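Protein chains in written order, with our numbering: chain A, 1 to 427; chain F, 428 to 854; chain D, 855 to 1281; chain G, 1282 to 1708.
Note that the Cβ used here is the ideal one computed from N, Cα and C, for glycine as well.
Since we're looking at a predicted model, the values are computed, not measured.
Below is one structure, written out as structure tokens, with a few remarks after it.
Protein chains: 4
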Amino acid sequence: MDFSPSPRAAELTAAVRGFIDTQIAPLEPGIHADIARRRLAGEDPWAVDPRITELQARAREEGLWNLFLPAGHEGPYAERYGTHGGAGLTNSDYAPVAEEMGRSFIAPLVFNCNAPDTGNMEVLLKYGSQEQKDRWLDPLLDGTIRSAFLMTEPEVASSDASNMAATARVEGDEVVLDGRKWWSTGVGHPDCRVGIFMGVSDPDAHRYLRHSMVLVPMDAPGVRVERMLTAQGVYDEPLGHGEVSLDGVRLPVENIIAGPGKAAEIAQGRLGPGRVHHCMRLIGLSEMALDLACRRASGRVAFGKPVVNLGGNRERLAEARIAIDQARLLVQHAAWKLDTEGQAAVEVSAIKAAVPKMAQKVIDMSLQLHGGGGMSDDFPLAGAYATARSLRLADGPDEVHLGVVARAMLAPYRDAAASATEAEKSR
Amino acid sequence: MDFSPSPRAAELTAAVRGFIDTQIAPLEPGIHADIARRRLAGEDPWAVDPRITELQARAREEGLWNLFLPAGHEGPYAERYGTHGGAGLTNSDYAPVAEEMGRSFIAPLVFNCNAPDTGNMEVLLKYGSQEQKDRWLDPLLDGTIRSAFLMTEPEVASSDASNMAATARVEGDEVVLDGRKWWSTGVGHPDCRVGIFMGVSDPDAHRYLRHSMVLVPMDAPGVRVERMLTAQGVYDEPLGHGEVSLDGVRLPVENIIAGPGKAAEIAQGRLGPGRVHHCMRLIGLSEMALDLACRRASGRVAFGKPVVNLGGNRERLAEARIAIDQARLLVQHAAWKLDTEGQAAVEVSAIKAAVPKMAQKVIDMSLQLHGGGGMSDDFPLAGAYATARSLRLADGPDEVHLGVVARAMLAPYRDAAASATEAEKSR
Amino acid sequence: MDFSPSPRAAELTAAVRGFIDTQIAPLEPGIHADIARRRLAGEDPWAVDPRITELQARAREEGLWNLFLPAGHEGPYAERYGTHGGAGLTNSDYAPVAEEMGRSFIAPLVFNCNAPDTGNMEVLLKYGSQEQKDRWLDPLLDGTIRSAFLMTEPEVASSDASNMAATARVEGDEVVLDGRKWWSTGVGHPDCRVGIFMGVSDPDAHRYLRHSMVLVPMDAPGVRVERMLTAQGVYDEPLGHGEVSLDGVRLPVENIIAGPGKAAEIAQGRLGPGRVHHCMRLIGLSEMALDLACRRASGRVAFGKPVVNLGGNRERLAEARIAIDQARLLVQHAAWKLDTEGQAAVEVSAIKAAVPKMAQKVIDMSLQLHGGGGMSDDFPLAGAYATARSLRLADGPDEVHLGVVARAMLAPYRDAAASATEAEKSR
Amino acid sequence: MDFSPSPRAAELTAAVRGFIDTQIAPLEPGIHADIARRRLAGEDPWAVDPRITELQARAREEGLWNLFLPAGHEGPYAERYGTHGGAGLTNSDYAPVAEEMGRSFIAPLVFNCNAPDTGNMEVLLKYGSQEQKDRWLDPLLDGTIRSAFLMTEPEVASSDASNMAATARVEGDEVVLDGRKWWSTGVGHPDCRVGIFMGVSDPDAHRYLRHSMVLVPMDAPGVRVERMLTAQGVYDEPLGHGEVSLDGVRLPVENIIAGPGKAAEIAQGRLGPGRVHHCMRLIGLSEMALDLACRRASGRVAFGKPVVNLGGNRERLAEARIAIDQARLLVQHAAWKLDTEGQAAVEVSAIKAAVPKMAQKVIDMSLQLHGGGGMSDDFPLAGAYATARSLRLADGPDEVHLGVVARAMLAPYRDAAASATEAEKSR
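Below is the structure:
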């Protein structure tokens, strides 16, 4: 066993950390404050902040761009795009890089490594036709457009994909989209040009062949962003989460990714690395919250002592330290398994069930140590809380992932269960 | 022992519940939606909604007004104000009424029973001079003005009152206020005309005699609402929480309540019933969240079953049911002790430590059962969460209240501790 | 609402507390030590300790005997048995008395108020024929014999009564018992003369009419105590828990209580008050553990401070204080409901799900504060832990009781669930 | 990063697992049953079971002997002792081997890898004189004698070493031991011949130089095993935990290990690997409990379903799966850090705080799924519970280890705390 990062991972992690500390951190509070100010002043809070654009340009210059792009694709993309092509990192190597990015709300965007663009780019990379790549992947890798993923629906329990009501009917050489989606992250950004829409294309097919993914330009007739949603009071600019209606949207059949009925297969491949990224960013977010907690509780005095020395505070901090470290190791192990075995569905469900809950708890503890300030926008904790909380639901609620873990662990005992039930019935 | 409510309490509880169900509930979502709409449209989200004014008038007509006013004061106030005078309820009797109000965000305001006005009115009632009552208590009872309580400070750990930095210096026949306060609830309301400000008047006095409470008109020169704060992303209109600076505010010395140095004594009396009210409203809020959880989880289907029948959901609902019931009994017991013994500081700290935490957990569970919708503004859960979360800090953080409980329970063992330490030292 | 105990309850609670403090407490450690000594020496640890017999006699003289006997039965029993007849306490009034008894492991036996004798006596009182009463109830009330309850079975999940495999077949004027039971409390006592056995008498009847309860003399041919069981390492003398086999035990059909098929009806009536008693005794046990924790943590020093002032210890003690108080109120409320409404099945399931778990947690906390000693037999904590732990399983595991609570609370939403599932199916 | 075990670790892990499955597991229940039988029959439960002696001989033949012996010592010891010398495993490599051993209560002893002999052997190996090694280390490596560690004291809070009251006074060429120790594991075994005693040798020295460790033959005049202790009702044969009094025990000064005043230094080195072993064995114990839980809950039916499909059972199993996996990774990381950096005090405290708590919880969950049987001796769960519970206290209680973690994590913020307190004072 060897817990050291590879030299490449260590180097990029340090570079990303340095960039965040020196370039992003000094600007980030101002950027958030400006969004808040615009919102209060009735100005457009979604307008692109030129500071972010500038930061993106600098990150790209320094080769810190598209680092999420998985190993195996750096070749052609390096040739074609130069630095767009990522660094060819394995999931293990990218994990600590993603953790660093998670310490800032805007860093993922600055490095062109934010959800859902990363997942969408991966889908196009693996399943897109050359035309689809030319039209959408290139500008996404370039950071000149942004994208959304249109899956969750307001009217049904979307944790069960078989509940999906939206349709993507093929009619001749067209595909017609109808339905309503929400929690479509990214649609708040003015550069959001394309969505990957998931809908039922053949209700009578086997449930793994029932759905299709379709590239839908956000300006296609019939597509309408109904509203931007708050998550625990937070709009989460500059990307945001929207509710989108699609009403008889007609598109060329070529917009279907990999052909009709392939959505389940694509989703499976998309979600593994994406969930590792989410979890590693949450590790970074938790570290940020823990750092603030240590700082605040060391620097404020009550009842004659630094707050850190009151009651159970030191124990709580130590427990948070241990919880984060355990969670990080679990994610790194899942990433390593993804790299070495090609898939790790159970391990990925395990981290998805464990990490957001841990992050929610650590952030809540830090918030409590900040007193009233912790709930306000003076600290990034209410925002961090909203992020962690939403990830207990996004990409499948905790309970669904626990169910995946349980199914796998109980499989070897299945015969026992079957014969017990049988015996029972025959009584 | 008798767990039945008194006939008067039962009658008023039913009346309040009926009023909320038939008058408030049909309007409440629209009122909140309108605030959100105005905010997005750059209009003033703090402007008084005429529907609330109308509801207040109706509540008053039906005698559901100032019900919080403690027993013993209904006599003079009934004479002077008619229905303003409350119903002369004990804490025990008011408890279930407050619980009902807690199911709605605006009901407390509609019934003129909202914090911090209730506490401020109690202070004036018990400690105010006739002039102070005439000027401020009458319109507060009348609902024509609103008030704030200016205690917590941004620069220090305010859970320790000895940290307070704001000053209220007496200079001749004037008192001069300086300092910065935040989490001043109510200052967002356009009718907020007066604050009760707490500051150091004599830094060299015994720590129970060091502070004074001063009535400060919000339009006094030197008073400035710097900004409204969000709590977990929520502005909590129509009252809101503000940050207020006071810069050389000069007021007649008569504005000091009960004379200089009386703040600690007044605070002690103010906080007992106020915390019981907070806790009972949180019980109501938790019931609301649990009701939504049962409804949602019964009415949505995933994996072929109502969500309520999936995994541990039924157990979680039952545990929430038990947790709420235990908490309610604990609050009612504290209220009963306040009534029968005149004070119940330890019991009140116990409920303040236990109930917000319980409410936070129940609401979080309900939110999880709602999926993405739970985090949005389509349900009152994100708002409820912010309310419960903020009450783990407001009026003293959990940890401080646990400390009060511990001190009381350990008092009988103090000699053991002293002699053990002594023995240790002499080794 | 009125949280004061009735004068009768207050008086008896004080009398029981006084008796325990002055008569039982000085002897109890020696009694337990002697059992342990006998066990190690190869002597009979189950032999009756004459000190207990003596204590029983004194308790009876002081009128502290059979206090569990429910109100309504004191008349005839007072006439017939004098002080045997109990005090005619309601469940509410008996609750604080039971709490006091719970602070000692042997007090319930000393006062003739121990499980399962109390439940068995109630069954005979309510459902027994005059012959059954004459033969078994009289000596039980007199304390000259003891009894057991033979329900749980080793081979099946006994939380589901329909799993029961033991049979009680009526053959002419005999009933024939076959089966194996365990966790039969009381069979370790040399005076245990009778068991109430539950078995299937008519497998084809409705599931509420399928089982019968039969009085089985422990010396009947075919009855065999196979072994005494440890619960978390503890034999729990002087009553103990046994595994009992019944092999073709033939008894007169008159030994069936209330006739064949009545077991479910009897069990329902037996379990309400019994569970209230269990829970109140656990409250007392938790108080005992908390008292020891305060004492130990106040009287020992580490790192220069009394242990109570280290880390989160004060918070843990305060949380235990609050948890016990909440639990007590919940039990008292259930007792009051039993008294006023005649039944309180859901409330009783709620306390059965909540109280043992609370007790386990409080005792574990106290044990941790005692360091190594806490696990040893120098303190009653390992024994207390075993008691609390076993009550998370005895009389139905936590999960079954949570299920009862959930079913009740979800009943009003059942239509929503039904129509949602219907809608789902018709899609 | 690489999470694969080394080939050597994989090979030995498989060999140990195979040996346990095929040689130990078939005998283990019978061995425990026989101890219980002897105890009940008044025979000596501590007598050596010849089956264990036989298993030890076979383990040694197969080279599965002294595997705990740290890398770097295999050279001389291999030469001198042949297979006694261990396999030269790093902590990382030994970790999965120790996990396997943890699945059985007797396997550690069978492989000569049980506490406290392992720690004692390491102390002699690193700090012992040649004479000490010849007399005590050789037979310990050979498994012909056993040993104890005499540190914890009944009269003081031993988590703070400065509380230690036992003395080891040097008088001329003798050292005189006085004091009382308990929780001395191993003294129940008839072959226990030597203890490592820790006592104050110079009360006026710096606190790191105050104590000495002395080799004390268990048959030295003045040494007396006062009694064997139960831990949660369990005697934990065949090693057991004893209380030992030492009354004027005179030994040659050469019995002091590494000379007077070296106890703290020795303890530091002894505890790191020992705690890793403890934690890895607990991982194995937790896996055993989880396996039993899956098996039992799959194979029993209640309410028409396998128990595993009732309520929250699957979620609880999945959470246990995740908790164990996280804990294992944390321990492996600490082991790796011990290997690569030579020390890992903070990481070792972190695992010591986290793993026993996790194990306690997992075992308790499994026990609950077993119903009444789980508490009895029919399953190894009550014993496993006692083991996990005792490790929340042995080698330092959870809270002390959390304190170590907190101190380390707060060190970088210490200046902030100091200046805040300073500022406070100067106000």
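- Between Ala1121 of chain D and Ser1066 of chain D, the C-beta spacing is not below 8 Å.
- Think of a sphere of 8 Å around the beta carbon of Leu1674 of chain G: the chain D residues whose beta carbon falls inside it are Gln1222, Gly1225, Gly1226, Gly1228, Met1229, in chain order.
- For Glu422 of chain A, there are no neighbours in chain D by C-beta distance under 7 Å, as the nearest C-beta there is about 15 Å away.
- Fully contained in the segment 1097-1121 of chain D is no beta strand (DSSP E) run of length 3 or more.
- Chain-order list of chain A residues neighbouring Ile1603 of chain G: Ala350, Ala353, Ala354, Val405, by C-beta distance under 7 Å.
- When A:Asp202, A:Gly240, A:Gly119, A:Pro7 are compared, the shortest CA-CA separation from His189 of chain A is found for A:Gly240.
- In chain order, Pro1587, Val1588, Val1589, Asn1594, Leu1598, Leu1650 place their CB closer than 8 Å to the CB of Ala1578 of chain G, counting only its own chain and leaving out the 5 sequence neighbours on each side.
- Phe149 of chain A carries a strand assignment under DSSP once its states are collapsed to helix, strand and coil.
- As the crow flies, the alpha-carbon of Pro1210 of chain D is around 13 Å from that of Ala1143 of chain D.
- Of the residues F:Pro472, F:Gly726, F:Ser589, F:Met707, the one whose Cα lies closest to the Cα of Ala632 of chain F is F:Ser589.
- Taken in chain order, the complete alpha helix (DSSP H) segments of 4 or more residues contained in the segment 892-922 of chain D are 904-915.
- Taking C-alpha positions only, Gly1299 of chain G is separated from Ala323 of chain A by approximately 34 Å.
- Across the set A:Leu40, A:His32, A:Pro273, the C-alpha of A:His32 shows the shortest separation from the C-alpha of Ile52 of chain A.
- Taking the CA atoms as reference points, His1682 of chain G sits about 30 Å from Glu1507 of chain G.
- The beta carbons of Pro472 of chain F and Arg465 of chain F sit closer together than 8 Å.
- Taking C-beta atoms as the reference points, Ile451 of chain F and Leu482 of chain F count as a pair closer than 8 Å.
- Spanning the alpha carbons of Glu174 of chain A and Ser1567 of chain G requires a straight line of approximately 57 Å.
- Shown here, Ala15 of chain A sits in a helix according to DSSP, grouped into three states.
- Classified as exposed, Ser431 of chain F has fewer than 16 neighbouring CB atoms from the shown chains inside 10 Å of its CB.
- For the 8 Å CB-CB criterion, Gly675 of chain F and Asp629 of chain F do not form a contact.
- As DSSP reads the structure, Pro217 of chain A sits in a beta bridge with A:Val194.
- Listed along chain D, no residue sits closer than 9 Å to Arg296 of chain A by beta-carbon distance, the nearest being about 19 Å off.
- Around the beta carbon of Ala815 of chain F, a 10 Å sphere encloses 16 or more other beta carbons of the protein chains shown; the residue is thus reported as buried.
- When the five nearest sequence neighbours on each side are left out, the beta carbons in the same chain lying within less than 7 Å of the beta carbon of Ala584 of chain F are those of Asn590, in order along the chain.
- Residues of chain G whose Cβ lies closer than 7 Å to the Cβ of Phe3 of chain A are, in chain order, Met1282, His1614, Trp1617.
- For Thr876 of chain D, the three-state secondary structure derived from DSSP is helix.
- Residue-level contact check: Gly299 of chain A touches chain G, since one or more beta carbons of chain G fall below 8 Å from its beta carbon.
- Excluding sequence positions up to five before and after Asp364 of chain A, its CB lies within less than 7 Å of the CB of Tyr385, all in the same chain and listed in chain order.
- Counting only the Cα atoms, Gly274 of chain A lies some 8 Å from Ala115 of chain A.
- For Leu1510 of chain G, there is no enclosing alpha helix (DSSP H); the residue is found in the beta strand (DSSP E) stretching over 1504-1510.
- Under the 10 Å beta carbon count, Thr1006 of chain D is surrounded by 16 or more other beta carbons and is classified as buried.
- If you check the CB distance, Phe922 of chain D and Thr867 of chain D do not come in under 8 Å.
- Under the Cβ distance rule, Trp609 of chain F counts among the residues neighbouring chain A, one pair being separated by less than 8 Å.
- Think of a sphere of 9 Å around the beta carbon of Thr387 of chain A: no beta carbon from chain F falls inside it, the nearest being about 11 Å out.
- Apart from the 5 residues on each side of it in sequence, Asn1372 of chain G sits with its Cβ closer than 7 Å to the Cβ of Pro1554, Val1557, Ala1616, Leu1619, Asp1620 in its chain, given in chain order.
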